[in-house]
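Our numbering puts the sequence shown at residues 164 to 977.
For reference, the structure is listed below as C-alpha cells.
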Amino acid sequence: MALILTWLRLSTLRQLDWYRNSSYQSKDIAHVQKQIAQKMADKGIEDHFLEQWHQKLHQNTTPEDITICEAYLAFLHSNNMDDYWRVLWDNGRITRESLSSMSIPITATPLHLPQLISAFKHYLWILKTTHAGADMDVCFEMSRGHLDGDLAWIIADILANRTAWWVPGKIVEARERLKYYWKQEGASRDILLLDIALDGYFRLTIERTDLDSLSGDDLISLVTLVLKNSTITTEYTDFGLASNFWRRVNETPGRWSPDWARLALAAADFTGTCLQDYAHNVVSLIQPHARAFEEACKLDKAHILNFAEEVIRGQPFFILSMLLRKLGPKLREAAGLGLWQIVSVPSSESVTGKLVALPDLSSIQGQSMSEPTVIVAESLSGNEDIPAGVVAILTSSATDVLSHIAIRARAQNVLLATCFERAQFDGLQEQASSHVSLSVDPKGNVVMAPASEVEGAEANGAAPAQAKELSLVKPRLSRSGPWVLAESQFGEKLVGGKSGNLAALRSKLGSLPGTAVPPSLALPFGTFERVLEAKCNSGTLKQLTALAEALAKTTPGEGIPEELAAVRQLIGTALLPPPGFREELACKVEEEGLLDAAALTDDTFGHLWRALCQVWSSKWTDRAWLSRRAVGIPDDNLFMAVLLQPIVPADYAFVLHSADPITGERGCVHGELVLGMGEALVGNAPGAALTFRAHGGEVELLSLPSKRAGLYPDSALPLLIARSDSNGEDLEAFAGAGLYESIPLSPLQPRALDYSNERLLWDADFQRNLLRRLAVLAAGVESSFGGQPQDIEGVLVGDALFVVQTRPQVIREA
C-alpha cells in the first residue's frame, strides 16, 4: 500500500514518465480559466479589480478569496458597491483597508459585468472545493441514497452550516457513523469518498482556527476531537490509547490544579510520542519507495528529498503537533514546571562554544570537535557517545535524568538540557554556526548570550578539553578451574562490581524487609580469553588479532572505524563453546536455581551462548570503544566478566540515586520509574518516566510517566539475562553505565501502554506508598555500603521489590 500511495502521489505531481512533455492539467481548473478568459477577451474590457485579484490568485489562494468572490457576485447581481462592501464584512470581516494591505493589494473597484455571473458562480464552487469543502456537496448527493435518514440529516446540517463553530464535532460524529457503511463488504465507493471529503474539511476547520486565541480547555477539546477523528480511519491503536488517556484526564476533578496539570501533561507527552512513532512508521514505509522511483524514473531529487514528510504533513492528524505545541507551555505552567529540564550542569557557571544543529548525535560519533561545540539535537536515543569538545547538548525530547546518556553527560562535565518550548528551540536551531555562551539561571532556565570565537576558546581552552587518562585495575584472570562461579565463589578481582555488589547486598538484606536479590552466577574475568584460546576457536583468534592490530593504528577523532563492526560480528557469530563448558553451565544453573537443567535444550543453550558472545563483543561497541579512547584506556586492559541472572518479569522497573544526581546533595534521593522492564528508562526511550524526589522523609512527585511503550520479555524462551560486568565500570570520575551490553535470552518486546487504567496514575495511595518504599530502599542500600551513594536498579512484581543491580554512584564534586 505504501508503494501504491507513492506511485499515485508522484503521478499526481506529474513526476512520472507518462506525464512528461504533455499539457496535463486539472480539467476543472482549466475549464474555469478558459471560460473567464474567453468571456473577458470577447468583451475587450479592462477591469483593474479583476487584474489585481488575478495577480493575488496567481501568488496564492486563501479562504478570503471565497468572501471576495461572494462579494463580487453580489455586486454583479445588483450593480451596487454597498452590496460588495457589505458582503465582504458580513461574510469575512474584510474591510477596504485589509484588501489594500494584502501582499498583492486589491485597491480597484470592480466594473459591472453581469455576463460573468455564471462563470463566477462556478469559480466560487471551485474556491469552496479548495477551501471550504464544497466537494462534500457532490459526494453527499452521490451517496445520499445509501444512508439512513438520521445520518443524511446530520450531514445536510453540516453542509448548511459549514462555518459554524460546532461543525468539527458534528463531522466526527458523522464519520463515526459512516465508518460502519464503508467498512461493509461491497460498500459504495461514493460513501468512502464522502468520508474522505469530510475528513479533509475537518482538518480545514481546525487549521483556520486562531490557536493563539484559545484557552487551555479549548486546546484540550480540540486535541481530544482530533484524536477521536484520527481513530476512525487510522489503523494505529496508540491513537485510541491516547484518546482514552485524555478521556480519563477530562473526568478527573481539580481541573488546572498542579496535580491535574501533571496528569494532563503526561497525556500530552504520550500523545506526542504516539504521533512521532506513527509518523516515523509511515516515513519508513514510503520513503524507500520514493527513492526507488527517483532512481528508476530519473526524477528530480527536490521532489523526493522530503516526499514522505510531505505525506505526513498532509494528514488530518498532523494538526495534533500544532495543538500540542500550544498546549504544552500552559500545562507546564499550571504544574509549576519550567520550559526547561536541566539534566546535567557543568562545574563552571557558563560554557561557550559554536552552536551546531543536528537531528541527533549519531552523525558525529567518533569525531572530535575542532573547537568547543554546543549541539542542538532534536532527539537523543540514550546510546550515543558524547564526542570530545562538546560542551553542551540542548534537545527538544524529554531526557530521563537517570538514563545512561544523562549519567555520561554529568561525568563528562557537559551541560545537558531539554527545551519544551518549540518556538524557543527552533530559535536555537536558527542560530547554527554562531558562537554562544550558555548558563543556567536560578529558575532552571538555560540562558543564551552571543559570544565570539575568541571568547569560546578562552572560556573552554583553545582546544577541546580531553578527559583525564585513567588506568584500570588488572583482574585475576581465570586460565583454568571452573568456567562458571556460584555466588559464594565471587571473589575480589574475579568478577566485576555488579556481581560483587549483589553478593554483598544479599548478606545485608535483613535490614531491608520486603526486598530480594535474584540468584546469580558469573563467568569470571579471563573466561572470554580462555574461550578464544581454545583449539576450536584458533581461526577466530587469528582473525580477531588482525582486526585488533588494525584498530590500534586508527587515528582518534576520525570517525568510527569499520573494524569495530567486524570484531562484533566475528565474536557474535564465530565463537564456539569449548568442551565441557555446556555441561558445567547446566549443572550450575540448576544448583543455583536459575533454571532447570532439563530446560537447557540445544535450542536454549544456543540462545544462551549467543547472548554470552554478544556481551563479550560489546567491549567493541562504538560508544564503549570511543569512551575508552577518550580516557586513554587500551583495549587490552579492559576485561569482561558476565553476570547471569533470571529475568524478573517486572510490573514496574526503577532506577534510584541515593544522592541528588545533579547537585550531589547527600540524603536527597532521586528516583525514576517506568512500566515494564528498565531498559526503556536507562535507554531513554521516547517519553518520560515517573520522576520523584525524597528528602527528609518527604516525597515529592515531579512528573508522571508518558512513555508510549513498555518492554516485556517474550516467555517463549527461559527468562535469563547475561549482564556485562567489566573492570571498566564504577570508576571514580568515570561513568561506565550503559557502555557495555546486557542481553536477555528472550528479546524484550515493546507493548503499547494503556495509561487510562494504570493505577500508578490514578490510585493516589498506591502511588504514595510505592514511592515511599523506594525512598526507604535507596537509603537502606546506601547504608548497607557504608554510606557510599548508590546507583540502584530494580523492579516491582506484585508487592515484592527486587534489586537487580547496585553500583557506587558517580558524583562529580563541585
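Heads up, the beta-carbon is just placed ideally off N, CA and C, and yes, glycines get one too.
Residues near residue i in its chain [Cβ-Cβ closer than 6 angstroms; skip 5 each side]
i: D563; result: E835, L844, N847, A852
i: D246; result: A237, F238
i: H275; result: N242
i: L385; result: L486
i: T434; result: A405
i: M164; result: none
i: S866; result: A851, T854
i: V250; result: E233, A234, A237
i: T717; result: P724
For residue i, the nearest candidate out of the options (CA to CA)
i: L635; options: S376, D358, N890; result: N890
i: D375; options: L867, V794, A429, M485; result: M485
i: L748; options: L733, T764, L668, L738; result: T764
i: I538; options: P492, L601, L168; result: L601
i: G901; options: K782, A942, N242, R249; result: K782
i: Y918; options: T854, R573, A427; result: A427
i: L757; options: D877, P881, T270; result: P881
i: H211; options: I167, P273, L220; result: P273
i: N608; options: Y903, Q587, S596; result: Q587
i: P687; options: P645, L665, K284, V778; result: P645
i: L883; options: A234, F855, W772, S869; result: W772
Presumed contact (8 angstroms Cβ cut-off) between residue i and residue j, rounded CB distance
i: T436; j: S406; result: That belief does not hold up - the Cβ atoms of T436 and S406 are roughly 14 angstroms apart, past 8 angstroms.
i: I359; j: P331; result: Actually they do not touch by this definition, with Cβ atoms about 16 angstroms apart.
i: A580; j: T515; result: About 16 angstroms; that fails the 8 angstroms criterion.
i: D362; j: D401; result: The Cβ separation is near 19 angstroms, so there is no contact.
i: R290; j: I334; result: The identity of residue 290 in the sequence shown is Leu, whereas the question assumes Arg. Contact flag wrong, Cβ pair sits at about 20 angstroms.
i: K517; j: L382; result: No, K517 and L382 are not in contact; Cβ-Cβ is about 37 angstroms, not under 8 angstroms.
i: I906; j: A774; result: 4 angstroms
Nearest-angstrom Cα separation, counted from residue j out to residue i
i: L357; j: C302; result: 5 angstroms
i: E754; j: P913; result: 33 angstroms
i: A762; j: S909; result: 14 angstroms
i: L314; j: D928; result: 46 angstroms
i: G624; j: E721; result: Caution applies to G624, whose pLDDT of 46 falls short of 50 and renders its modelled position unreliable; the value that the coordinates give is listed next. Answer to the nearest angstrom: the Cα atoms are 21 angstroms apart.
i: K637; j: M803; result: 11 angstroms
i: S306; j: I318; result: 11 angstroms
i: S185; j: E458; result: Any answer about S185 is weak, because its pLDDT of 49 lies below 50 and its placement is not dependable; what the coordinates show is given next. One C-alpha to the other measures close to 22 angstroms.
i: F583; j: G491; result: 8 angstroms
i: G417; j: L864; result: 17 angstroms
i: H858; j: V939; result: 11 angstroms
i: V506; j: L578; result: 8 angstroms
i: H309; j: D298; result: 18 angstroms
i: H466; j: G735; result: 41 angstroms
i: W345; j: E339; result: 11 angstroms
i: A760; j: D523; result: 45 angstroms
i: R256; j: W216; result: 18 angstroms
i: Y399; j: Q732; result: 35 angstroms
i: Y903; j: S887; result: 6 angstroms
Residues near residue i in its chain [Cβ-Cβ closer than 7 angstroms; skip 5 each side]
i: D311; result: none
i: L173; result: L179, F456
i: E828; result: A822
i: A626; result: For A626, the pLDDT reaches just 41, beneath the cut-off of 50, and the residue's location in the model is therefore unreliable, although a value from the coordinates is still provided. So the list is empty, once near-sequence residues are dropped.
i: I395; result: R338, E339, K342
i: L937; result: F817, L819, G834
i: D877; result: S909, P910, Q912
i: Q706; result: L733
Neighbourhood of residue i by C-beta, 8 angstroms cutoff - its chain only, sequence neighbours within 5 removed
i: I280; result: L236, L239, H240
i: L727; result: L714, W783, T784, D785, W788
i: G873; result: V837, L838, G839, M840, A843, P913, R914, L916
i: H820; result: L565, V832, H833, G834, A941, P952, Q953, D954, I955, Q972
i: R792; result: P719
i: L166; result: H452
i: E336; result: I317
i: D962; result: G677
i: Q992; result: There is simply no residue 992 to check, as the chain begins at 164 and stops at 977 in what is shown.
i: T169; result: I449, H452, A453, F456, F470
i: L672; result: T678, A679, V680
beta-carbon residue i near the ligand ZN non-hydrogen atom, thresh 7 angstroms
i: D381; result: Among the ligands in the structure shown, none appear at all, so the ligand ZN cannot be discussed.
Check: Any chance the segment 657-677 sits against the segment 819-838, with 3 or more Cβ pairs inside 8 angstroms?
Finding: no
Checklist line | the segment 652-661 contacting the segment 707-720, beta-carbon criterion three pairs below 8 angstroms | finding: no
Notebook entry, point to check: Is the segment 495-504 touching the segment 543-550, taking contact as three or more C-beta pairs under 8 angstroms?
Noted result: no
Next item on the list: Specify whether the segment 795-815 and the segment 693-704 touch according to this definition: at least 3 beta carbon pairs, one from each stretch, less than 8 angstroms apart.
Entry: no
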